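Counting in full-length UniProt numbering, the sequence shown runs from 1 upward without gaps.
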Amino acid sequence: MVSGNLYSQQGRDVRASWQRIYFNCAEQFMMYCKAGRFHDSETQNLVLATRDPKEQKRLARLTKGFQSAGWDEIKSNVVVAGNMAKFGQNKELKDLLLGTGNRLLAEAASLDRVWGIGFTAKEAEAMANRERWGENRLGMALVEVRKRLREETC
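Next comes the structure, spelled out in structure tokens:
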């Protein structure tokens, strides 16, 4: 399933909590954790103060002491954790994700070859060779979340 819809929208306004902190979307969780990785509580607080995912992302780019290697070590696990909270605490979303069965999930983001596939859904569906796709980290994270949610219900 190639998707740019609600399964993958990191910025979709869905309230979820983690360690007694409430987040308005998975993007906010990710950006909060990004700042936290480098012990930048000031940026964490700024990220929590806005509900706008674009602003959250912009603020996190200002994280003091940021080092790509340090973030790269944990970013995929952070996205899995944030989406576990998002889908695990929202029955409607959980049911939608579980309803994807065993299908491949992909973020159809033409400008993002790390979290997405680097193509629109239409382009990807017309493409026979998935080797040209980007990393699709978000899609892979959602597949992992789906697997964990299934295990919880067994």
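Here a beta-carbon is modelled for each residue, glycine too, at the ideal position from N, C-alpha and C.
In this text, all values refer to a predicted model and were calculated from it rather than measured experimentally.
Contact set for residue i: own chain, Cβ-Cβ below 6 Å, skip 5 residues either direction
i    : result
W133 : I117
A106 : V2, I117, N136, G139
Exposure label - residue i; buried when at least 16 CB within 10 Å
i    : result
Y22  : exposed
N129 : exposed
E151 : exposed
A126 : exposed
Rounded straight-line distance, which links the Cα of residue j to that of residue i
i    : j    : result
A86  : L93  : The sequence shown places Lys at residue 86, not Ala. Their backbone Cα atoms lie some 8 Å apart in a straight line.
S68  : S110 : 23 Å
V80  : E42  : 24 Å
L46  : R58  : 11 Å
I74  : P53  : 20 Å
C154 : L96  : 17 Å
M30  : E131 : 27 Å
Proximity of residue i and residue j at Cβ, strictly below 8 Å
i    : j    : result
Q44  : Y32  : yes
E135 : R103 : no
N83  : A35  : no
Nearest neighbour of residue i, chosen from the options [CA to CA]
i    : options              : result
W115 : L97, E123, N77, R148 : N77
F66  : T153, Q56, L48, H39  : H39
E144 : T63, L98, D72        : L98
Cβ neighbours of residue i in the same chain (closer than 7 Å, five flanking residues each side left out)
i   : result
G88 : K94, L149
R37 : G70, W71, I74
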